[in-house]
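Protein chains in written order, with my numbering: chain A, 208 to 362; chain B, 131 to 490.
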Amino acid sequence: MLRVITVAALDWRSGLEYGLEAVHRLTQRGTPAHYTIIGAGSFLEAVVVARREFALDGQVEILLNADEARVAEQVQQAEVFLLPCVAPGASHGLAAAVAIGKPVVAFDQAEVVAALRGYAAARVVPRRDTAALADALSAVGELAQRHISGGEGGD
Amino acid sequence: MHVLMFGVGENPQTFVRNQIRFLQESGAKVSIWEGNSPPRLVEKAIATVETRYGWTPDLLGKRRALLRAADVYHFQWPHNLSRYVRVIRPFNKPAVLSLRGRAINIVPYIPGYESFARALRQTLPMCSGYHCVSKAILREGALFGLVPERARVIYTALDLSFFTLAENPPAPEPLQIVMIGALSWYKGYEYAVCALERLVKEHGLNARLVIIGEGEDRDRIRYTAADLGVTDRVILTGKLPPDGVRRLLHESHILLHTALSEGIANAVVEGMACGLPVVTARSGGMDEAVSDGVEGFVTPSRDVRAMAEALARLAGDPALCRQFGLAGRERALKQFAPDRQAAEFIDLYRFAIQNHARKA
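Right under this line is the structure:
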């Protein structure tokens with residue numbers, strides 16, 4: 208189970224519908240995933256509609272009023288930080304994810320690209336390309352799986 | 131037939147106004163419940179004293195007389211039924227509920243609205259009849275206790291005499307694609323702009339997108355158009371009067387509808403009445419108004435590649451556009467006719483009355 212998280216403003220700039228579509232593609236390919244979205248804003252209905260449309264009600268959790276400690280805990284537990292921003296001003300939580308070395312998958316939105324410059328654990332794909340986003344998530348998932356298997360083998 | 135309507139509001143939406151007008155024209159008596167007073171107070175006052183809450187006995191008498199006289203109560207929105215269920219209970223009349231969209235396919239799923247979902251599950255089974263705006267909405271209602279045997283799909287009714295065929299065909303270049311609707315997330319305009327970009331850059335077409343409407347997504351549409359390099363091909367007209375809408379429909383080649391959540395969009399029906407071929411996303415009940423390959427093309431929701439391909443195919447085949455346009459006009463005039471809607475409502479009310487009597 209790949210645990211994916213996004214911490215972002217719930218507005219159109221965050222591209223959450225693309226994030227949900229990417230997670231949907233991932234599950235369609237047979238990779239089980241759990242996606243946590245943390246944020247607040249006026250775009251909640253759009254996120255709820257996309258979640259239903261992609262049949263992800265059971266796999267996508269929306270946390271509206273998480274405090275800083277809860278956010279940090281959730282980011283820590285996730286395997287990948289997903290940032291499908293399409294416009295500047297919505298990349299909340301990215302700095303915290305980078306600070307703990309969390310793998311990041313993001314669209315190539317200029318502000319995000321600048322923030323991720325030199326960060327080795329980032330995979331950046333073309334904006335609005337949900338197939339590429341799913342590929343990147345899948346690659347991170349495989350790495351995480353290998354890491355776990357390697358760890359088990361070494362014990 | 132005397133219908134008492136709840137939830138009409140002081141400034142009713144066009145489809146509710148039309149529904150009342152068409153019902154009255156067909157001979158039904160329609161009374162409208164004045165809902166400004168809190169229902170709990172109405173309930174108490176009707177049940178006990180009549181002057182304590184500042185209402186005249188006459189007004190309360192009228193309310194009670196109305197509740198007694200009506201043959202059937204029609205609730206325009208589920209929350210009206212939840213609010214008034216205790217008020218109407220002593221009068222033992224059949225209740226009909228309209229199910230349109232957001233209240234049944236979005237709100238119950240929003241975190242924090244769990245009590246609304248519970249209220250739906252409690253009140254929906256009480257109804258003797260349901261009016262669903264599409265088959266898709268009927269299926270959504272069934273998830274919350276709607277009894278399918280008591281439900282009727284009654285499509286929206288429009289006075290389409292205003293929306294005529296264009297006298298002259300539009301100019302061949304550029305390809306003009308028109309969209310109509312509130313500039314809101316649920317209309318999916320970002321996907322429309324993405325489809326336009328593909329149409330221009332991958333299919334090499336000289337096309338532009340004209341969007342009629344106003345709303346909070348204006349900045350998003352402008353940003354997306356700039357981001358994709360099609361700023362000068364996306365025209366936002368703002369809200370237009372009906373003759374302005376008709377003029378732009380007549381000047382356009384294709385009507386595009388990319389909604390993510392929808393009952394059946396009036397704008398699409400109006401475009402069909404004007405003889406425009408349609409490319410629509412399969413959301414809500416849209417494929418109940420447009421059959422793929424008959425009046426236009428129906429694409430998967432959010433699939434900008436499929437939308438661009440459908441638009442390109444129409445752009446390259448004027449004869450197909452004419453064929454779809456004429457088929458669309460015929461379907462619009464038949465399926466969304468006011469007299470048909472009124473007859474179907476009367477039929478639903480009769481069914482609800484019989485159903486209620488049987489239960490009693």
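The beta-carbon is built from N, C-alpha and C at its ideal position, and this holds for glycine as well.
Same chain, Cβ closer than 6 Å to TYR243 of chain B, neighbours up to 5 away in sequence not counted: Residue numbering aside, residue 243 of chain B sits at position 113 when the second sequence is read from its first letter. For TYR243 of chain B, where only same-chain residues beyond five positions count, the Cβ hits under 6 Å are VAL237.
Excluding the 5 residues preceding and the 5 following ALA257 of chain A in the sequence, name in chain order all residues of the same chain whose CB lies nearer than 6 Å to its CB. The sequence position of residue 257 of chain A within the first sequence is 50, counting from 1. Around ALA257 of chain A: GLU224, LEU227.
Closer than 7 Å, CB to CB, is TYR243 of chain B near chain A or not? To locate residue 243 of chain B, count along the second sequence from 1; it is residue 113. So, not an interface residue.
Quick one: grab the DSSP three-state call for LYS489 of chain B. As a position in the second sequence, residue 489 of chain B is number 359, starting the count at 1. LYS489 of chain B: helix per DSSP, three-state reduction.
Of the residues A:ASN272, A:SER345, A:ALA351, which one's Cα is nearest the Cα of ARG236 of chain A? Translated into the one-based positions of the first sequence, residue 236 of chain A becomes position 29. Closest option to ARG236 of chain A, Cα to Cα, is A:SER345.
Check the Cβ-Cβ distances between TYR225 of chain A and every residue of chain B, and say whether any is below 7 Å. The count along the first sequence starts at 1 and reaches residue 225 of chain A at position 18. So, not an interface residue.
How would you call GLY423 of chain B, buried or exposed, if buried means at least 16 neighbouring beta carbons within 10 angstroms? If you number the second sequence from 1, residue 423 of chain B lands on position 293. With fewer than 16 Cβ atoms within 10 Å of its Cβ, GLY423 of chain B is classed as exposed.
Does any CB atom of chain B fall closer than 7 Å to the CB of THR213 of chain A? Position 6 of the first sequence, counted from the start, is the residue given in the question as residue 213 of chain A. Cβ-Cβ to chain B under 7 Å: no for THR213 of chain A.
Bridge partners - ARG338 of chain B, DSSP secondary structure assignment: For this step, residue 338 of chain B is matched to residue 208 along the second sequence. ARG338 of chain B pairs with B:GLN306.
Tell me whether LEU295 of chain B sits in a helix, a strand or coil according to DSSP, three-state version. Residue mapping note: residue 295 of chain B aligns to position 165 of the second sequence, counting from 1. In the structure shown, LEU295 of chain B sits in coil (DSSP, three-state: anything other than H, G, I, E or B).
Quick one, are the C-beta atoms of PHE454 of chain B and TYR285 of chain B less than 7 Å apart? By 1-based counting over the second sequence, the position of residue 454 of chain B is 324. By 1-based counting over the second sequence, the position of residue 285 of chain B is 155. No, they are not a contact pair.
So which residues on chain B does VAL255 of chain A lean against when the C-beta distance must stay under 7 Å? Here the question's residue 255 of chain A lines up with position 48 in the first sequence. ILE236, TYR239, ILE240, listed in chain order.
Using a Cβ-Cβ distance cut-off of 7 Å, determine whether TRP207 of chain B contacts chain A. Within the second sequence, residue 207 of chain B is the residue found at index 77, counting from 1. By this cut-off, TRP207 of chain B is not an interface position.
Determine the closest residue to THR253 of chain B out of B:VAL308, B:VAL277, B:GLN143, B:PHE481, with distance taken between C-alpha atoms. For this step, residue 253 of chain B is matched to residue 123 along the second sequence. For THR253 of chain B, the closest alpha carbon among the candidates B:VAL308, B:VAL277, B:GLN143, B:PHE481 is that of B:VAL277.
Once DSSP output is grouped into helix, strand and coil, what is the label at CYS262 of chain B? Counted from its first residue, the second sequence places residue 262 of chain B at position 132. Of the three classes helix, strand and coil, the one that applies to CYS262 of chain B here is strand, per DSSP.
With H, G and I counted as helix, E and B as strand and the rest as coil, what does DSSP make of PHE466 of chain B? In the second sequence, the residue the question calls residue 466 of chain B occupies position 336. Note: PHE466 of chain B maps to coil in three-state DSSP.
Alpha carbon to alpha carbon, how far is SER314 of chain B from GLU260 of chain A? Give it in angstroms, no decimals. As a working note, residue 260 of chain A is residue 53 in the first sequence. As a working note, residue 314 of chain B is residue 184 in the second sequence. C-alpha separation (whole angstroms): 18 Å.
Cβ of TRP185 of chain B less than 7 Å from any chain A Cβ? Along the second sequence, read from residue 1 onward, the residue named residue 185 of chain B stands at position 55. Reliability fails at TRP185 of chain B, whose pLDDT of 46 lies under 50, so the model's placement of it is uncertain and no value is given.
Quick one: Cα of PHE481 of chain B to Cα of VAL133 of chain B, how far? As a working mapping, residue 481 of chain B is identified with position 351 in the second sequence. As a working mapping, residue 133 of chain B is identified with position 3 in the second sequence. Straight-line Cα distance between these residues: approximately 13 Å.
With 8 Å as the C-beta to C-beta threshold (strictly closer), list the residues of the segment 317–341 of chain B near chain A in chain order. GLU320, CYS324
Along the chain, where does the alpha helix (DSSP H) containing VAL508 of chain B start, and where does it finish? Nothing can be reported for residue 508 of chain B: it is not among the residues displayed for chain B, which extend from 131 to 490.
Does any C-beta atom of chain B lie closer than 7 Å to the C-beta of GLU268 of chain A? Here residue 268 of chain A corresponds to residue number 61 of the first sequence, with the count starting at 1. No, GLU268 of chain A does not count as interfacial toward chain B.
Quick one: what does DSSP say PHE145 of chain B is sitting in, helix, strand or coil? Here residue 145 of chain B is taken as the residue at index 15 of the second sequence, counted from 1. PHE145 of chain B: helix per DSSP, three-state reduction.
In chain A, which residues lie less than 9 Å from LEU390 of chain B when you measure between Cβ atoms? On the second sequence, residue 390 of chain B is found 260 positions in, with the first residue counted as 1. Ordered by position in chain A, the residues that pass the 9 Å Cβ test against LEU390 of chain B are GLU224, ALA253, VAL256, ALA257, GLU260.
Helix, strand or coil, according to DSSP, for THR238 of chain A in the structure here? Numbered from its first residue, the first sequence carries residue 238 of chain A at position 31. Note: THR238 of chain A maps to coil in three-state DSSP.
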